[in-house]
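Notes for the one structure printed next.
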Amino acid sequence: MNQIEIAFDQPMQLGECPLWHAGEAALYWVDISAMQVHRLRPTDGVHAMWQLPAEPGCIGRHAGGGLVVAMRTGVVHLNTDNGELTHIADAPYNTATARFNDGRCDAAGRFWAGTIYEPRDHAGAQLYAVEKGRVRPAGNPVTVSNGLGFSGDSRTLYHSDTTAHRICSYEFDLASGNIGAGRVLKQFAMDKSALDYGGRPDGAAVDSEDAYWCAMYEGGRLLRLSPAGEVLQEVILPVRCPTMMAFGGADLRTLYITSVSEKRSAAELEKYPASGCILSLRVEVPGRIEPAYLG
C-alpha cells in the first residue's frame with residue numbers, strides 16, 4: 011500500500027461526492043455547506059470552482075457535457091464551460107427538513123440521489139431516481155442516505171443508513187430501475203463512546219472486483235468489504251471524518267477521498283490537520299468509469 015497524499019490542500023467544510031471524469035482527466039467534488047462544486051486536474055493542478063444557490067448533495071456526469079447536480083432545492087444541469095444552471099426537476103420533499111445527499115448514476119443512465127432527514131428523529135429520508143427529467147421515489151427509508159453503489163453486473167444495489175450504522179445490499183433490476191429484496195451487508199456498533207468505536211458508514215465506491223469500499227465517518231479509516239460483508243482491507247487515514255471516495259487516474263487505481271473540517275473540535279483539527287482536504291491513495295485493484303446521466 012502506497013503512501014496517502016494530499017491531492018488538494020484547501021480544506022472543505024463538508025467535502026463530499028468525489029467523481030472522476032475520465033474524458034477530462036479531472037476530479038470533481040462538492041462542498042455541501044459552502045454550496046460549491048469543485049474541479050481539479052491532477053496532472054497540472056488547475057482548480058476551478060462553481061458557486062451554487064443551494065447545497066449540492068451529489069453530482070454525476072451528464073451525457074450532454076457538464077454535470078447533473080442534486081441540490082437541496084432540486085436537480086439541475088451545471089454547464090462547466092460557462093457556469094450556467096438549467097433546471098431539471100424540483101425537490102420532491104420538504105426543503106425545510108431535508109436535502110439531497112449521497113448519489114450516483116447507474117448503468118442505464120439514471121441519476122440516483124438519496125436524502126438526509128435533518129431532524130434525524132426517524133427514518134424520514136429515502137432514495138430517489140431521476141430519469142428523463144422526472145424524479146420518482148424509490149423507497150429504502152433511512153435517516154441519512156449514504157453509501158450508494160452498484161455491482162459490476164448491476165444486479166446489486168448497495169445503500170447505507172449512516173445514523174443506523176448499517177450497510178445493506180439489495181437485488182436490483184437495471185431495466186426497470188426497481189429495488190428488490192435486501193439484506194444487511196454490515197452492521198457496525200452503535201455505541202460512539204466505546205473504546206473500540208470505529209466510525210459509521212458514509213459514502214462508498216465499488217471496485218472492479220466488486221469489493222465495496224466504505225468511508226467510516228469518525229472512524230478515520232476506509233474499509234474494503236467483500237460482497238458477503240467480510241472485511242478485506244482497512245486503510246487508516248490522516249483525517250477522522252472521511253466522507254466518500256472515487257477511483258481515478260488514467261488506470262483508475264488512484265483513490266480520491268473527501269473529508270470534513272466543519273463542526274469538528276479544535277483538538278481534533280490539531281491532531282488531524284488534513285481534515286477537509288482531498289486525499290489520494292494508490293490501490294492495487296482499479297475501479298470502474300462512472301456512467302453518465304442520459305437526461
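Residue numbers for the sequence shown follow our numbering, beginning at 11 and rising by one.
All C-beta atoms in this analysis are idealised placements derived from N, C-alpha and C, irrespective of residue type, glycine included.
Tyrosine 127 and tyrosine 180 have their C-alpha atoms roughly 22 angstroms apart.
Cβ neighbours of aspartate 201 within its own chain (closer than 7 angstroms, five residues either side excluded): Tyr207.
With contacts defined as CB atoms closer than 8 angstroms, glycine 67 and valine 78 fail to qualify as a contacting pair. With a cutoff of 8 angstroms on beta-carbon distance, arginine 250 and serine 285 are scored as near each other. Serine 155 has Asp171 as its beta-bridge partners, per DSSP.
The three-state secondary structure of alanine 277, taken from DSSP, is helix. In the three-state DSSP reduction, methionine 45 falls in the coil class, being neither helix nor strand. Taking the Cα of leucine 205 as reference, the smallest distance to any Cα among Ser218, Arg114, Gly229 is reached at Gly229.
Residues of the same chain with a CB within less than 6 angstroms of the CB of alanine 44, apart from the 5 flanking positions on each side, are Gln23 in chain order. 8 angstroms or more divides the Cβ of leucine 247 from the Cβ of alanine 221.
Under the three-state reduction of DSSP, valine 194 is assigned to strand. Note: cysteine 224 is bridge-paired with Ala214, Leu233 in the DSSP secondary-structure output. With contacts defined as CB atoms closer than 8 angstroms, glycine 143 and glycine 305 qualify as a contacting pair. Look at serine 269 here: in three-state DSSP terms it is strand. In this structure, DSSP gives isoleucine 14 a state outside helix and strand, which the three-state scheme calls coil. Considering only Arg49, His72, Lys196, the residue with the shortest C-alpha distance to alanine 118 is His72. In this model, alanine 58 and leucine 50 are separated by some 7 angstroms (Cα to Cα).
Arginine 292: member of the beta strand (DSSP E) spanning 288-292, first to last residue. Between serine 290 and alanine 17, the C-beta gap is smaller than 8 angstroms, which places the two residues in contact.
Proximity to glycine 192 across Ala238, Ala199, Tyr227, Ala185 peaks at Ala238, based on C-alpha coordinates.
Taking C-beta atoms under 8 angstroms as the contact rule, phenylalanine 257 and aspartate 217 qualify, at a distance of about 7 angstroms. Boundaries of the beta strand (DSSP E) harbouring glutamine 136: 135-141, taken from the DSSP string.
Per DSSP, the unbroken beta strand (DSSP E) holding aspartate 183 starts and ends at 176-183.
Annotation for alanine 32: Ile299 place their beta carbon closer than 7 angstroms to its own, counting only its chain and skipping 5 residues before and after.
A straight line joining the alpha-carbon of alanine 108 with that of alanine 135 spans about 8 angstroms.
Across the structure, threonine 96 and alanine 199 are spaced so that their CA atoms are roughly 43 angstroms apart.
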